[in-house]
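Some notes on the structure that comes next.
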Amino acid sequence: MAHLKIFLSYLLLLSFLQGFQAVEYNVVNNDPNTPGGMIFNNRIGVDYFRQQLEAASAFTWQTFRQTTAADRKNIQRINVFIEDTVARANIDVPAYASGGDLHFNTRYIAQYSGDVRRELTGVLYHETTHIWQWSNRAPGGLIEGIADYVRLKANLAPSHWVQPGAGSPWNRGYDVTARFLDYCNSLKEGFVAELNGKMRNGYSDNFFVEILGKPVDQLFREYKARYGNQP
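Structure follows, in structure tokens:
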């Protein structure tokens with residue numbers, strides 16, 4: 104009987120582990136001798152960034168209400184590369200996501216004049232969102248806006264972002280769209296999570312009607328009016 108209980112306990116544990124999504128997080132500085140690579144090592148560090156990468160994933164899951172592995176993309180490993188993305192890939196942006204890999208540009212790190220640790224952490228939350236968000240045929244501006252929304256909710260928005268109510272159109276992307284999504288989420292808690300879930304299998308502007316009962320253009324007009332119709 105004791106052996107049977109042990110065997111049944113083993114089967115229960117095995118079943119649990121099969122449903123558990125373990126994600127491996129890795130951070131590598133490929134260009135440590137460049138100015139940006141040295142700043143990364145001195146002011147941020149691989150260990151800190153790995154911890155923040157794991158925290159960003161957990162925060163994104165929480166924001167999207169993805170409580171089980173079945174709710175999320177089947178990604179088992181995320182790699183972050185600190186490197187000269189211009190020299191390596193001819194891509195001159197602060198950072199970009201490609202599959203399960205995130206690439207951070209050492210040239211951007213080198214020229215950034217503010218709190219580089221906070222800035223890179225904010226960018227990390229944005230890029231980590233791209234890995235986990237559902238974006239099947241969604242407009243690029245909305246995809247970027249959701250990523251900045253997660254950054255906003257993590258209290259990592261930079262000071263140069265537009266204020267609530269500023270900018271247009273609603274799907275312009277980044278901070279403009281993030282502020283609008285924050286307004287929509289204030290109308291119904293969990294709106295962004297529900298919107299992201301719907302985007303798993305496609306996209307339609309009608310999702311706004313289904314969730315909030317109004318067309319997105321009407322919602323945006325009401326949002327702008329609430330903040331005095333700023334440009």
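Under the working numbering, read the sequence shown as residues 104 to 334, first letter to last. Even glycine gets a Cβ: it sits at the ideal position worked out from N, Cα and C.
request  = Starting from Asn288, trace the alpha helix (DSSP H) both ways and give me its first and last residue.
outcome  = Tyr277 to Leu290
key: Rounded Cβ spacing between Leu315 and Leu227 (contact assumed at less than 8 Å)   = That belief does not hold up - the Cβ atoms of Leu315 and Leu227 are roughly 30 Å apart, past 8 Å.
message = Under 8 Å: do the stretch 178-186 and the stretch 260-278 share three or more Cβ pairs, one atom per stretch?
response = no
query = So who's on the other strand from Tyr128, going by DSSP bridges?
reply = Ile181
query = Out of curiosity, what's the CA-to-CA distance linking Glu284 and Pro138?
reply = Note on residue identity: the sequence assigns Leu, not Glu, to residue 284. Approximately 37 Å between the Cα atoms of the pair.
request  = Taking the CB atoms as reference points, tell me whether Ile185 and Asn133 lie closer together than 8 Å.
outcome  = Contact annotation: Ile185 and Asn133 have beta-carbon atoms nearer than 8 Å.
request  = Inspect the beta-carbon positions of Gly248 and Lys327 and report whether they are closer than 8 Å.
outcome  = no
Environment of Gln236 [buried if 16+ CB atoms lie within 10 Å] = buried
task = Mind listing, in chain order, the continuous alpha helix (DSSP H) runs of no fewer than 4 residues lying wholly within the stretch 211-273?
result = 219-235 and 243-256
Exposure label - Val131; buried when at least 16 CB within 10 Å = exposed
request  = Can you grab the Cα-Cα spacing for the pair Val295 / Thr280, in whole Å?
outcome  = 12 Å
message = Measuring straight from C-alpha to C-alpha, what distance separates Ala260 and Glu222?
response = 9 Å
message = For Thr231, tell me which candidate among Gln321, Val196, Asn332 and His206 has the shortest Cα-Cα distance.
response = His206
query = When burial is assigned at 16 or more other CB atoms within 10 Å of the CB, is Asn208 buried or exposed?
reply = buried
ask   = Alpha carbon to alpha carbon, how far is Arg329 from Val319?
value = About 15 Å.
request  = Assign Tyr151 to one of three DSSP states: helix, strand, or coil.
outcome  = helix
query = Asp101 by DSSP, collapsed to three states: which one?
reply = One cannot answer for residue 101 here, as it falls past the ends of the chain, which runs 104 to 334.
key: Cα-Cα separation between Leu255 and Ala190, rounded to whole angstroms   = The alpha-carbon atoms of Leu255 and Ala190 are separated by roughly 31 Å.
Assumed close pair Ile212, Phe143 - CB separation to whole angstroms, cut-off 8 Å = Sure, about 6 Å apart at Cβ, within 8 Å.
Own chain residues within Cβ distance below 6 Å of Asp278, not counting five before or after = Taken in chain order, the residues that qualify are Asp251, Trp264 and Val265.
ask   = With C-beta atoms as the reference, is Gly276 less than 8 Å away from Gly244?
value = yes
ask   = Hey, Gln258 and Asn304 are a contact pair by Cβ (cut 8 Å); roughly how many whole angstroms apart?
value = Sequence inspection shows Asn at residue 258; the Gln mentioned does not correspond to that position. Not confirmed; about 32 Å, so no contact.
request  = Might you give, ordered along the chain, the residues of its own chain that have their beta carbon closer than 7 Å to the beta carbon of Gly122, omitting 5 neighbours on each side?
outcome  = Unreliable positioning characterises Gly122 in this predicted model, as indicated by a pLDDT of 43, which lies under 50. A coordinate reading is not provided.
query = What did DSSP end up calling Tyr199 once you bin it into helix, strand or coil?
reply = Tyr199 falls in the strand class under three-state DSSP.
inquiry  = I'd like to check one pair, Arg220 with Arg146: are the Cβ atoms closer than 8 Å?
reply    = yes
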